[in-house]
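Here the sequence shown is numbered in our numbering, starting from 306 and rising by one per residue. So the structure is just underneath, and the comments pick up after that.
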Amino acid sequence: MAVERKPRVFTVEVNTTYCKGCEICVQVCPKDVLAMTDRLKAQVVRIQDCTGCLSCEIYCPDFAINVEEVEANG
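Take a look at the structure:
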């Protein structure tokens, strides 16, 4: 019998006060979850595609990004 697994879901938060607009997070994201705003700050645009790889969080030189897994209810 196969065990059904629920897809993992993540949140990505960008602290725009810390973000200096270097675009590193946008460049390293393999799923294009992040994009730059017209004010040159990173923003989440495709959260449903986040795999939780943490590349954006790891490579952000300003510690402006936080990725967390959302706990499943039930």
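C-beta atoms are modelled at their ideal positions from N, C-alpha and C, and glycine is treated no differently. For clarity, every value in this text was computed on a predicted model and none was experimentally measured.
Check                                                                                                                             : Outcome
Residues sharing a beta bridge with Val319, DSSP                                                                                  : Ile370
Contacts around Cys334, its chain only, beta-carbon distance under 7 Å, and the 5 residues preceding and following it disregarded : Ser360, Cys361
CA nearest to the CA of Asp354, picked from Glu309, Lys346, Thr316                                                                : Thr316
Terminal residues of the beta strand (DSSP E) in which Val349 lies                                                                : 347 to 349
6 Å CB neighbourhood of Ile329 in its chain, flanking five on each side removed                                                   : Tyr364
9 Å Cβ cutoff met for Ile352 and Val319                                                                                           : no
Inter-residue spacing [alpha-carbon to alpha-carbon] between Thr322 and Arg313                                                    : 28 Å
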